[in-house]
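> Residue numbers for the sequence shown follow our numbering, beginning at 18 and rising by one.
Ideal Cβ positions, reconstructed from N, Cα and C, are used throughout, including at glycine.
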Amino acid sequence: METKILIVEDEADLCLLVQNFLETKEYVVQSAYTFEEVMQKVHTFEPDIVIMDYNLPGGKGTDLVSSIKKHNPRISVIVISGMNEAQEAALQSGAEQFIEKPFPLSKIGKAVEATGASGS
């Protein structure tokens, strides 16, 4: 079964970089750039994993994590942020993992693998 990953990042270059990296690992990947777009894709794409920036236009990261978990508690959420102080709030809101920016792509790969996911 294919693992589906939704990348949520308002920096288009970083989003594309992470998406391309995960696609080379044979994951099915889509991206979103805003709070509203994320929830639409959570309903339509039904990802197994959401990798999301903590700071997004249209809402707070903690609210988004809570909304994702409320829709489907089985979705693994990995939060990325340049603000180390966001870690505690992200984890308390339901995220399984936190990655501080900047990060090597290998760290994303290890975080995805830690959820138990594998490429197709």
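When the distance is taken between beta carbons, is Lys86 closer than 8 Å to Val94?
In contact: Val94 and Lys86 (Cβ atoms closer than 8 Å).
> Hey, how far is the Cα of Pro74 from the Cα of Ser135?
Answer to the nearest angstrom: the Cα atoms are 30 Å apart.
> Per DSSP, which one or two residues make a beta bridge with Asp70?
Beta-bridge pairing links Asp70 to Ile97.
> Go ahead and label Gly133 buried or exposed: buried means 16 or more other beta carbons lie within 10 angstroms of its beta carbon, across all protein chains shown.
Result: exposed.
> In whole angstroms, what separates the C-alpha of Gly76 from that of Phe52?
Their Cα atoms are separated by approximately 6 Å.
> Less than 7 Å between C-beta atoms, sequence neighbours within five positions excluded: which residues of the same chain meet that for Pro147?
The shown model of the chain, from 18 to 137, leaves out residue 147, and the question about it has no answer.
> Quick check on this structure: which residue in Glu19, Ile97 and Cys32 has the alpha carbon closest to the alpha carbon of Pro119?
When only C-alpha atoms are compared, the closest one is Ile97.
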